[in-house]
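Undergrad:
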Amino acid sequence: MQSLLFLIDQVIGLYMWCLIIVVAMSWLASFNVINTQNKLVSQIYDFLYRITEPALSPIRKRLPNLGGLDISPVILILILVFIRNLLREYGGGISI
Numbered sequence: 185m186q187s188l189l190f191l192i193d194q195v196i197g198l199y200m201w202c203l204i205i206v207v208a209m210s211w212l213a214s215f216n217v218i219n220t221q222n223k224l225v226s227q228i229y230d231f232l233y234r235i236t237e238p239a240l241s242p243i244r245k246r247l248p249n250l251g252g253l254d255i256s257p258v259i260l261i262l263i264l265v266f267i268r269n270l271l272r273e274y275g276g277g278i279s280i
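For this note's numbering, add 184 to where a residue sits in the sequence shown, where the first one is 1.
#1: Since L264 contacts M200 with CB under 8 Å, what's their CB separation in whole angstroms?
#2: Check whether the Cβ atoms of L232 and P257 lie closer than 8 Å to each other.
#3: On the premise that I218 lies in contact with L212, defined as a C-beta separation below 8 Å, what is that separation, rounded to the nearest angstrom?
#4: Between I196 and I267, what straight-line distance do the alpha-carbon atoms span, to the nearest angstrom?
#5: If you draw a straight line from the C-alpha of V206 to the C-alpha of L189, how long is it?
#6: For K245, I'd like the list of residues in its chain whose CB is within less than 8 Å of its CB, leaving aside the five on either flank, ordered along the chain.
#7: Apart from the five residues just before and just after I261, which ones in its own chain have a Cβ nearer than 8 Å to its Cβ?
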C-alpha cells in the first residue's frame, strides 16, 4: 500500500511540473522567445498541452472571464497540492 501511495504522489508531482512547463512555454511562445515553428518545440508543447488540457478545461468552464488572464493552472496546482497533502497525512505518512 505504501508503494502505491508513493507512486501516486510521484505522478501528481510530475503532473504539476508538466503544468508549470506548459504555462512557461505558452508565455515564451507569446513573447516570441521560443520558435513554435521548430518541430521539437512544437512536439513537446503539443504533448504537454494534450496531457494537461483535459484537467484544465473543466476548471476554465467554471471560472469567470478575466480577460486575457487564465488562472486555471494555478487552481489546478492548488488542488493537486491539496490532494498530495491528504495522501501524505492520511496515507500512512509518506515522507518525501
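Positions of the beta carbon are idealized from the N, C-alpha and C atoms, including for glycine.
Source: prediction; values computed, not measured.
TA: With the given structure in hand:
#1: 5 Å
#2: no
#3: 5 Å
#4: 9 Å
#5: Each residue's alpha carbon lies about 26 Å from the other.
#6: none
#7: Excluding residues within five positions, the ones whose Cβ falls inside 8 Å are M200, L203 and I204.
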